[in-house]
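This report concerns only the one structure given below.
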Amino acid sequence: MFQSSFLLGDEKTGDEKRGGQNVAKLDTQVKVQMDYLLYLPKDYSEKKSWPLMLFLHGAGERGGNLDLVKVHGPPKLIAAGREFPCIIVSPQCQKNRWWEPIELMALLDQIVATRNVDQDRICVTGLSMGGFGSWRLAAYSPNRFSAIAPICGGGETYWTRRFSHLSVWVFHGAKDMRVPLERSQEMVDSLSKAGGKPKLTVYPEAGHDSWTETYNNPEFYKWLLSQVRSKPK
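Residue numbers for the sequence shown follow my numbering, beginning at 90 and rising by one.
Okay, here's the thing in structure tokens:
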């Protein structure tokens with residue numbers, strides 16, 4: 090269980106004027122509780138720094154049971170015995186909520202503070218709702234990550250102006266009826282116009298499940314974990 094509090098400001102009020110605008114500050118904290126799975130490589134040691142992968146699940150895996158997070162993606166492969174050369178953090182979004190960047194950044198801050206993480210190799214990937222979350226997180230903190238790999242997701246095209254320097258590989262199924270391919274295509278096109286060099290892989294026969302083939306592909310991890318954080322252009 091991950092718990093964190095965010096300091097939002099400092100409240101200070103004096104004599105308030107009537108019919109005018111008064112200066113005030115808010116001092117409060119927002120408490121966050123988030124369950125997550127933490128994978129450490131078999132040969133993990135604090136003597137060296139390790140790349141970190143943040144995995145964001147889809148809407149169907151929300152709730153209070155971490156076993157749901159193991160249904161797809163890297164957590165599923167790890168549960169089946171697959172080994173990875175990186176730290177993998179797989180949080181669970183609460184029911185009826187969406188991925189919130191400020192909460193995910195707080196989680197990453199805690200992991201970085203307690204593990205030897207290579208902060209130039211922190212990457213994000215997610216499927217469906219997690220694909221949307223990957224795009225949103227990149228827009229929220231464009232200088233924190235080495236790469237993102239959104240699968241069957243989408244976002245607001247104006248976000249891309251914030252992370253044209255970021256390594257991006259996008260995946261989608263051509264026959265996706267839940268999240269149309271256009272949602273990924275428009276993000277890729279916008280990012281390209283902003284000066285980025287995104288990669289797009291479209292599976293001609295895939296529907297919404299474009300993640301199984303992606304996460305089963307060793308080349309995907311080879312690319313993702315080889316990216317290094319770059320500075321904005």
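For each residue, glycine too, the CB sits at the ideal point set by N, CA and C.
For S253, the closest of P293, E308, S319 and Y310 by C-alpha to C-alpha distance is S319. Annotation: V317 to P174 spans about 15 Å, alpha carbon to alpha carbon.
Annotation: L313 to A263 spans about 23 Å, alpha carbon to alpha carbon. For the pair V206 and S134, the CB atoms are not nearer than the 8 Å cut-off. For the 8 Å CB-CB criterion, G215 and F144 form a contact.
A straight-line Cα-Cα distance of about 6 Å links V291 and F260. Secondary-structure assignment with DSSP links W258 through a beta bridge to K288.
Within the same chain, Cβ atoms closer than 8 Å to the Cβ of D265 are found at C241, A295, G296, H297 and S299, the five residues on either side in sequence being excluded.
In this model, D209 and A228 are separated by some 17 Å (Cα to Cα). Taking a contact to require three or more Cβ pairs closer than 8 Å, the stretch 224–239 and the stretch 156–173 do not qualify as touching. Secondary structure note for W139: its beta strand (DSSP E) is the uninterrupted segment W139 to L145.
A113 counts as exposed, since fewer than 16 other beta carbons sit within 10 angstroms of its beta carbon. Scanning the stretch 123–194 from its first residue to its last, the whole alpha helix (DSSP H) runs of 4-plus residues come out as 162–168. Around the beta carbon of P307, a 10 Å sphere encloses fewer than 16 other beta carbons of the protein chains shown; the residue is thus reported as exposed. Per DSSP, reduced to three states, the secondary structure at Q118 is strand.
For T214, the enclosing beta strand (DSSP E) covers residues V206 to L216.
Residue range P307 to S315 is occupied by the alpha helix (DSSP H) that includes P307, with no beta strand (DSSP E) assigned at that position. The Cβ atoms of T249 and M218 lie no closer than 8 Å to each other. In this structure, the CA atom of G244 is about 16 Å from the CA atom of H146. The alpha-carbon separation between L280 and P130 amounts to approximately 33 Å. Residue environment: I211 is assigned as buried (16 or more neighbouring CB atoms within 10 Å of its CB, all protein chains considered). With a contact defined as Cβ atoms closer than 8 Å, Y247 and L196 miss out at about 26 Å. Taking a C-beta distance under 8 Å as the contact criterion, M123 and E192 qualify as a contact pair. Taking 8 Å as the upper bound for CB-CB distance, L255 and S273 are not in contact here, some 15 Å apart.
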